[in-house]
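Trainee: After the structure tokens below, expect a handful of questions from me.
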Amino acid sequence: MKSNSTPNKDAGTWRLNFLFFFFTLTLCSSVLFGQNTSFLVTGKVTSDSGNALGGVSVQVKGTARGTSTDATGNYGISASETSVLVFSSIGYTTQEVPVAGKQVINVTLNASSGQLEQVVVVGYGTQRKRDVTGSVASVSGAEIAKQPVLTAAQAIQGKVAGVQILTSGDPNSSPTVRIRGVGTMLGGAAPLYVVDGVITDDIRNINSADITSMDILKDASATAIYGMRAANGVLLITTKKGRTGKMVVAYDGLVGVKEVARLVNMAGSNQYANYVNEASIYYGSGDSLIRGAQLAAGGNTDWYDVILKKSLQQNHNVSISGGSESINYFLSAGYVGDGGVIKTNDFERFTLRSNNEYKLSRMLRLSTLVSYSRTNLRDVDLGVFDIAYRAAPYVPAKVGELYGNTSLSNNISNPLLNLEKLNNSSMGNRLQGTFSGEYKPIPWLTLRTSYGVDLNFYRNSTYRYRYTNTGANNIFLTSGGNQLVNRSQLALQADNSNKWVWDNTATITKVIGAHNFSLLVGATAEEYRFNTTRGTRLDVPENEDQWYLDAGVPASATNANSGDRWARNSYLSRLNYSFNNRYLLTATYRADATSRFPSQNRWGYFPSIGLGWNISREDFMAGQNLFDNLKLRASWGRVGNDQISSNLYNPLATLNVPYYYNGSEYLGISFNQAVDKNLKWETTEEYDLGLEFAILKNKLSGTIDYYHKTTRDALINIFFNGQVLGDIDNQYTTNAANFTNKGVEFSLNWTDRVSKNFDYNLNGNIAFNQNRIIGLNGGQALTSGSVGSQGFTTKSDNGQTIGSFFILQADGIFQNAAEITGSAQPNAQPGDLRYKDLSGPNGKPDGIINDLDRAYSGSYQPKFTFGLNGSVNYAAFDFSFGSYGTSGGKIYNAKKAARSDARDNVETEVAKNRWTPNNPGTNIPRANLNQLPASTYFLESGSFWRINNLTLGYTLPGNLLANRFQRLRVYVTAQNLLTITGYSGFTPEIVSGNNLNAGIEQTIYPTTRTFAFGVNVGL
Amino acid sequence: MIRYTHYKLLVLAVPLLMVAGCSKKFLEIDPQGQLTEVQALRDPEAANQLVGGVYNTLYLGGFDNSTVGFQWAILGDVASDDSDKGSTPSDYDAGGAGDVDNFRPNPANGIYNNIWNGHYLGIARANKAIDILNSSTIETTAKNRLLGEARFLRGFYYFNLVRAFGGVPKVVRVPEPAEVNSDEFQTRASVADIYAVILEDLQFAVDNLSVKGTAGTQLGRATKGAAQSYLAKVYMYQKNWQKTLELTQGVINSNQYTLVPNYNLVFREKAVSGVGGANNSESIFEVQTGLNVAENAVSPLYSNGQGPRGRGGWNDLGFGFNSPSADLAGFYEPGDTRRNATIIFINPTVAGRDNGTYLWDGFRLPSQDSVENPRYNYKAYHSPLLESGQLTSNKDTKPKNIRLMRYAEVLLMYAEAQAMLGNAAEATAKLNMVRSRANLPASTGTQANIWRERRAELAMEHDRFFDLVRQGRAGTVLRAHGKPFVDGRNEVFPIPNAQRDLSGGRLTQNNGY
């Protein structure tokens, strides 16, 4: 290109000159001529309540020149006689003021009507909220940063209708996010994350304090621009940029205490002994299992108390931002320290971000966004949560250096020992960077290119200590049993991944009379590489400095190395058209290709169309004063989900299949998994109908959306006699299932500024969703959620909700022998659960209770989710609360259901209130020896309402600050203060399992509660 | 000047929109670190590797999908009068080996399904290897040898299946996944059809494999002798005595095999002064195990599953299944050296005296009060003291080569064929070769005597039940042994429920189940 351009330079330049001349003549002469007579304009921006407004964008209309006000509301900008200054700020109505020779322009901005002038990020661009035809919601960075949680996704819980967030107390965990229901069965159900325009799948490296706003794209009109990856919705994160003006230095810090939000009470030693002895004496061997002597010699251990802890949580952020006419900068450093609530758990994250923007000229801007994050985690084996439930309470946890021997008491390992004798530590380093250039050769054309990289380096070292249960080195109070580690083991794992995304877009914006056009076309390419290496050796010394593979026995060495790689290439386009600001049209089209699918199915095409009608802007609405805003939207579109493992369509050989010839090993290959060579993405077609309104002088605004999503070609397993092909699991994955998600979402927002010193806001949202499988088309109903010997607990079948519980129906308790005689459970004892005999081999009750009597009993998916949030500002005090709830979901209490040894512990309530001839009125069965079958007895309501966040702040008045600080605010905050729920387990929010078996509580990290004190300082 | 730069950028910006990745190649990414089918076909070594993958299925065992491992021992021995379930009375009883031992008709029993799955996995891998070999361009001799090996294994697996279940689906090619649910693969072929497949496969192997020790053979791979022996055995099951004779004659005349002088060295890992051990002079086909780091070149649980089970207090050797029956212990003629080489006898506990059992390697088993069962299978014993030690302490992965075909059996098949064809002298001669090795006096080569000899010689090698069925006297013998054997039902095991479900009910159940 370059070498060719030289000979043609003159001709090319001339042509471009001509073009440029032509367009500048017709469209923006002001830009050309205004340059010559510019002078400095200064002034102050205040709100309608009289406060100075900082951070207001001040722009010379039609140019790229802009600045923003400082904390005292003052600004200065170079403008000309004929310039028009545009003042805009989130939450305020944008104002345009002609300069007309004035050198001082003071402006008062009115709180905006709703948030209509607000700009929302919509994917490869931004749009004014009032022009959007899709269902889009925004949450401000301030709202997100307020909460002491790790990721932004966690912080939007309860803020947006139709966005279900399941959070865990596990430090460094990603919350489960479901937008408008569960969108897939076997594929990934997580939404797409886009950070500053760059697609990513993990936002744990983003410091919440660095976020300006988060926009959630819910319907196809909004998401289809992301095509094959948009079916689960899109979360767009915009990070902070510097603003032109004085340097702003800010420190935000928080120190608090984290603890388990809810506990489960387990039986103490005596209650425990009574229970298990009763089970054994009346229903078992006839003899006591626990002797008085054992109790007398033992302790009374609360195992949860033993494995849980309170820990310190800290967040510290420092940022420096500012800018001049040619450069805007934002630099931040953040630290998160979170010790978790399980012993030995620990987490730290350090982040650095530098977002710079360089204005090389009126036409050319470059920007670099670079972020680095470093995490250190000592992880815990969540299995301890289950065994702490079962561990016998009379066994002491640890006395001195010796542990209680739970493998002797009830054949499980000592949970504390498990935690202390396993060191699973990892370190992550992640570097994300985007370099982009924006070129506006002519005012109506913007060319943008951006190149982003995401580098991830992860290293895990897991050391398993050696310990024995007999002899001189016995570490147990009582020797014997079966918990021991004969040889220490070190496992090292190093992963690295490298992703780049290159986006190129051109945007043409034109206004012709009342017609507003904006056309975006673009192309993107993306490539991802991943490599993981793992090695293990035995007999590595205990000394941490020796935790290298070389320190172990060479003959015991194992190693493994594998990787992944994929690429994508996409073309995208979007047309926005509006007429008279009343009639809106958005049409998008994306063509996506990915290496994950076979060449004949490689390209997918994803169109959408959205229509909007700003009714309140119609002439016939001019006379009314009920509606400040009334807008109707309708959209249709098609989006895809390609979240499957790479090359699932490719028959792959299993390597290193050994056999011995001549006494030495020969490594063969085999094909063990049948595949569908025609695999493709899942397609979701979505309709959305929305109404937005604002009344009472914008005090009350709201949105109602109805949507209907149909997912087709969803991945499902076809069961077949796979051995015919050497396929051990008897199934292969193909695109066959269909299902729908449909629902209604309501949001209401009340904002009132009562006086200069007092304003408040209250908003609520509620979203109903119904998920139904409407066709398996040859696929098999998927059973999942195995709990011990109970077998599966969920079944996803035609006509049902994905992940429905499919279990026996507990129907009270047998009170006496007479009730048992003639029942379907002739071997039952009084006090046993009675199950409904629903069916048999011939479809009729057969007098036998078995798997044929299972029935659908609801699912983990809630019928509706809701949030209620509010804030009050009174003088220097600010108060806010956020709450969230779900209703109609079910939870399977699997830690209770998995109790399988006659000597396993039970909950206090079970021990106290079990059925006995003297306590017939209970719903808890008699003392049991064995694991009970999967039934509704273990199924509980997962509904809950929780106060997510409560914050009270005080901003020191200016006179106290003595000009040392721009701002100084202190606050106290409580995260997860209170949960109201009928669920008896640790948390009604279950972040475990997959789409088919979520909602089973067995080994999960409990939800945590944090009380913290924080400061915000602005220098 | 500045403006000029911008124009150049504009010119550059337009092609940027095209994105370098437009080329189709950008999206053609092969799986990383994994071999696709297409690539497998291209590699000249792939055919050999695929056949290696078929041999690998000989390891399938444990409580999982199984070919000739632990669960096959349950079918061959525990179902017969040679052994009892073993272990504790309740262990692996209902739903496990107890159903097999007592002929409880339970098509849901996992053993049947595991045997079915394991064998079909082997067959599927053989089909794949054969498929790819057929389209491969490697040199003909090598190709036919590899084809011969794959078809030998396929024939061998079908022989086990047809003996265990009767007619089974005939799968001799690689269908597309969507074809799999068709009737062709989901209905049972007749017993005769399956035998036709077996005969064709084994005959191909006989025709294309080389004699043991000649060029192109490797210890552990199937040889012409192995193919002849199994083909002879199949013909014996079909009472085609002439063919049995010819084929066993071929093995004998190859002069590659001799009986190991000491019977008790046949099942050891290491030879003693060059005699016995793994792949000894009478071994015709055996599972080749070895110890790699992953310990996955073994038939899991084969030794451990049958190893002596303690009652606590000592580091025992296994689960104690497949315990030789009192009937077997009493069956041997006086002086038969095979009795103590086949059965580990646990001594009664005598107060005040060490009455433990010392095994050949000096390993001491305590007396009865510390051991669960009175007898264990010596042929499955892997010495923790003198044979290959493992890296891990995992008892399940002891490297025990399973002897599948021995020269002694060839001699007995030859003898039986000769007896049936009226050549009593030849029958007697070979029968007595086997007897004299066991330190027994000469006998006459009648079919009845040969059948007796088969039991003594092959006891606890998982052949007895099928042999009784072949002999047509399983019912008589097993009922006399106290088992509820039902004629017309128990000659074969039930078609596993799981398989019938997968076939959508098209796989018919065996009579009486």
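Chains A and B, in that order, give the protein sequences. Residue 394 in this note's numbering is what sits at position 394 of the first sequence, and the numbering runs on without skipping anything. Residues are numbered in this note's numbering as their position in the second sequence, beginning at 1, plus a constant of 10000. Even for Gly, the Cβ is constructed at its ideal location relative to N, Cα and C.
Taking Cβ-Cβ distances shorter than 8 Å, what residues in chain A pair up with Q10218(B)?
Mentor: Sequence index remark: in the second sequence, residue 10218(B) carries index 218 (1-based). Ordered by position in chain A, the residues that pass the 8 Å Cβ test against Q10218(B) are Y661, N662.
Trainee: Below 8 Å on the Cβ atoms is my guess for Y439(A) versus L364(A); work out the distance and round it to an integer in Å.
Mentor: Translated into positions along the first sequence, residue 439(A) becomes position 439. Translated into positions along the first sequence, residue 364(A) becomes position 364. Indeed, because the Cβ distance is near 5 Å, the residues count as touching under 8 Å.
Trainee: With a threshold of 7 Å between beta carbons, is L25(A) in contact with chain B?
Mentor: Your numbering for residue 25(A) matches position 25 in the first sequence. Summary for L25(A): the model assigns pLDDT 33, below 50, so the residue's position carries little reliability; its value from the coordinates is reported in the next sentence. Judged by the 7 Å Cβ criterion, L25(A) is not in contact with chain B.
Trainee: Going by DSSP in three states, G10461(B) sits in which element: helix, strand or coil?
Mentor: Counting from 1 along the second sequence, the entry for residue 10461(B) is found at position 461. One detail in the question is off: residue 10461(B) reads as Glu in this sequence, not Gly. Correct three-state label for E10461(B): coil.
Trainee: Between A10415(B) and L10245(B), what straight-line distance do the alpha-carbon atoms span, to the nearest angstrom?
Mentor: Working through the second sequence from its first residue, we reach residue 10415(B) at position 415. Working through the second sequence from its first residue, we reach residue 10245(B) at position 245. Whole-angstrom Cα-Cα distance: 8 Å.
Trainee: Could you list which residues in chain B have their beta carbon closer than 9 Å to that of D676(A), in chain order?
Mentor: Position 676 of the first sequence holds residue 676(A). Residues of chain B passing the Cβ test: P10177, A10178.
Trainee: Using alpha carbons as the reference points, say which of K896(A), Q790(A), S935(A) lies closest to Y856(A).
Mentor: Residue numbering aside, residue 856(A) sits at position 856 when the first sequence is read from its first letter. Nearest option by C-alpha distance: S935(A).
Trainee: Rounded to whole angstroms, what is the Cα-Cα separation between T24(A) and V86(A)?
Mentor: On the first sequence, position 24 is the one that residue 24(A) refers to. On the first sequence, position 86 is the one that residue 86(A) refers to. Note that T24(A) scores a pLDDT of 35, beneath 50, so its modelled location is shaky and nothing firm can be said.
Trainee: Give me the residue from G10118(B), S10503(B), I10138(B) with the minimum Cα distance to S10066(B).
Mentor: Position 66 of the second sequence, counted from the start, is the residue given in the question as residue 10066(B). Nearest option by C-alpha distance: G10118(B).
Trainee: Compile a chain-ordered list of the residues in the stretch 723–751 of chain A whose CB is closer than 9 Å to at least one CB of chain B.
Mentor: Listed by position, the residues of the stretch 723–751 of chain A near chain B (Cβ gap below 9 Å) are Q723, V724, L725, G726, D727, I728, N730, Y732, T734.
Trainee: Within this structure, are the beta carbons of R10154(B) and G10216(B) separated by less than 7 Å?
Mentor: By one-based count along the second sequence, residue 10154(B) stands at place 154. By one-based count along the second sequence, residue 10216(B) stands at place 216. Result no, Cβ atoms of R10154(B) and G10216(B) do not sit closer than 7 Å.
Trainee: Tell me whether R291(A) is buried or exposed, calling it buried when 16 or more other Cβ atoms sit within 10 Å of its Cβ.
Mentor: Looking up residue 291(A) in the first sequence gives position 291. R291(A) should be labelled exposed.
Trainee: With 16 as the cutoff for other CB atoms within 10 Å, does M10236(B) come out buried or exposed?
Mentor: Position 236 of the second sequence holds residue 10236(B). Flag for M10236(B) reads buried.
Trainee: Closer than 7 Å, CB to CB, is F671(A) near chain B or not?
Mentor: Taking the first sequence and counting its residues from 1, the one referred to as residue 671(A) is at position 671. True, the Cβ-Cβ gap to chain B drops below 7 Å.
Trainee: Please report the straight-line C-alpha distance between P10031(B) and K10024(B), rounded to a whole angstrom.
Mentor: Start at 1 with the first residue of the second sequence, and residue 10031(B) comes out as number 31. Start at 1 with the first residue of the second sequence, and residue 10024(B) comes out as number 24. Roughly 17 Å separates the two Cα atoms.
Trainee: Just to confirm the assignment, what range does the beta strand (DSSP E) spanning Q493(A) have?
Mentor: Position 493 of the first sequence, counted from the first residue, corresponds to residue 493(A). Unbroken beta strand (DSSP E) run through Q493(A): 489–512.
Trainee: Below 8 Å CB to CB, which residues in the same chain sit around V1042(A) once its five sequence neighbours on both sides are set aside?
Mentor: Any answer about residue 1042(A) is impossible in this case: the structure gives chain A only from 1 up to 1019.
Trainee: For M228(A), count neighbouring C-beta atoms within 10 Å of its own C-beta (all shown protein chains included) and say buried if the count is 16 or more, exposed if not.
Mentor: Taking the first residue of the first sequence as 1, we reach residue 228(A) at position 228. So M228(A) counts as buried.
Trainee: In whole angstroms, what is the alpha-carbon distance linking T1038(A) and G481(A)?
Mentor: Not covered by the structure: residue 1038(A). The range shown for chain A is 1 to 1019.
Trainee: Can you give me the start and stop residues for the beta strand (DSSP E) that V10162(B) sits inside?
Mentor: Counting from one through the second sequence, the residue named residue 10162(B) turns up at place 162. Per DSSP, V10162(B) belongs to no beta strand (DSSP E); it is in the alpha helix (DSSP H), 10140–10165.
Trainee: Which whole-angstrom value describes the C-beta separation of E10282(B) and R10406(B), a residue pair presumed to lie in contact below a C-beta threshold of 8 Å?
Mentor: One-based indexing of the second sequence puts residue 10282(B) at position 282. One-based indexing of the second sequence puts residue 10406(B) at position 406. Yes, E10282(B) and R10406(B) are in contact; Cβ-Cβ is about 5 Å, under 8 Å.
Trainee: Our contact map puts A79(A) next to V41(A) with C-beta atoms below 8 Å; I'd like the distance itself, whole angstroms only.
Mentor: Numbered from 1 along the first sequence, position 79 holds the residue referred to as residue 79(A). Numbered from 1 along the first sequence, position 41 holds the residue referred to as residue 41(A). So it is a contact: roughly 5 Å between Cβ atoms.
Trainee: Would you say D705(A) reaches chain B, if we count a Cβ-Cβ gap shorter than 7 Å as a contact?
Mentor: Taking the first residue of the first sequence as 1, we reach residue 705(A) at position 705. No, D705(A) does not count as interfacial toward chain B.
Trainee: Any C-beta of chain A sitting closer than 7 Å to the C-beta of G10362(B)?
Mentor: Here residue 10362(B) refers to the residue found at position 362 when the second sequence is read from its first residue. Answer no: the Cβ-Cβ gap between G10362(B) and chain A never drops below 7 Å.
Trainee: Please determine, among N10262(B), I10284(B), F10285(B), the residue with the shortest C-alpha to C-alpha distance to G10274(B).
Mentor: As a working mapping, residue 10274(B) is identified with position 274 in the second sequence. Of the listed residues, the one whose Cα sits closest to G10274(B) is N10262(B).
Trainee: Should N10031(B) be flagged as near chain A, meaning a C-beta pair shorter than 7 Å?
Mentor: In the second sequence, the residue the question calls residue 10031(B) occupies position 31. Just to set this straight, residue 10031(B) is Pro in the shown sequence, not Asn. Yes - at least one Cβ of chain A is within 7 Å of the one on P10031(B).
Trainee: Which bits of chain B does A1072(A) rub up against, with CB to CB less than 7 Å?
Mentor: What is shown of chain A runs 1 to 1019, which leaves residue 1072(A) out entirely.
Trainee: From this set, K10085(B), R10151(B), L10365(B), S10388(B), which residue's C-alpha is nearest N10127(B)'s C-alpha?
Mentor: On the second sequence, residue 10127(B) is found 127 positions in, with the first residue counted as 1. Comparing Cα positions, the closest option is R10151(B).
Trainee: For the stretch 320–402 of chain A, list the alpha helix (DSSP H) runs that are entirely contained and at least 4 residues long, ordered along the chain.
Mentor: The stretch 320–402 of chain A contains these whole alpha helix (DSSP H) runs: 383–390.
Trainee: So, using beta-carbon positions, are T10248(B) and M10413(B) closer together than 7 Å?
Mentor: Your numbering for residue 10248(B) matches position 248 in the second sequence. Your numbering for residue 10413(B) matches position 413 in the second sequence. In contact: T10248(B) and M10413(B) (Cβ atoms closer than 7 Å).
Trainee: Look at D797(A) and A781(A) and say whether their C-beta atoms are less than 7 Å apart.
Mentor: Your numbering for residue 797(A) matches position 797 in the first sequence. Your numbering for residue 781(A) matches position 781 in the first sequence. Against a cut-off of 7 Å, the Cβ pair of A781(A) and D797(A) comes out as a contact.
Trainee: Can you name the start and end residues of the alpha helix (DSSP H) that R10435(B) belongs to?
Mentor: Numbered from its first residue, the second sequence carries residue 10435(B) at position 435. Unbroken alpha helix (DSSP H) run through R10435(B): 10424–10437.
Trainee: Among N976(A), Q825(A), Q975(A), S883(A), whose alpha-carbon lies nearest the alpha-carbon of P933(A)?
Mentor: The sequence position of residue 933(A) within the first sequence is 933, counting from 1. Among N976(A), Q825(A), Q975(A), S883(A), the Cα nearest to that of P933(A) belongs to Q825(A).
Trainee: Going straight from the alpha carbon of A10189(B) to that of W10072(B), what length do you get?
Mentor: For the purposes of this step, residue 10189(B) is taken as the residue at position 189 of the second sequence. For the purposes of this step, residue 10072(B) is taken as the residue at position 72 of the second sequence. Rounded to whole angstroms, A10189(B) to W10072(B) spans 22 Å at the Cα level.
Trainee: Leaving out five residues on either side along the sequence, give the residues of the same chain with a beta carbon under 7 Å from the beta carbon of G34(A).
Mentor: Indexing the first sequence from 1 puts residue 34(A) at position 34. Confidence is the limiting factor: at G34(A) the pLDDT is only 37, short of 50, which leaves the residue's position unreliable, though a coordinate-based value still follows. The answer, listed in chain order, is S80, T82, S83.
Trainee: Can you round the beta-carbon distance between I990(A) and I980(A) to whole angstroms, since I take them to be within the 8 Å contact cut?
Mentor: Position 990 of the first sequence, counted from the start, is the residue given in the question as residue 990(A). Position 980 of the first sequence, counted from the start, is the residue given in the question as residue 980(A). I990(A) to I980(A), Cβ: 17 Å. No contact.
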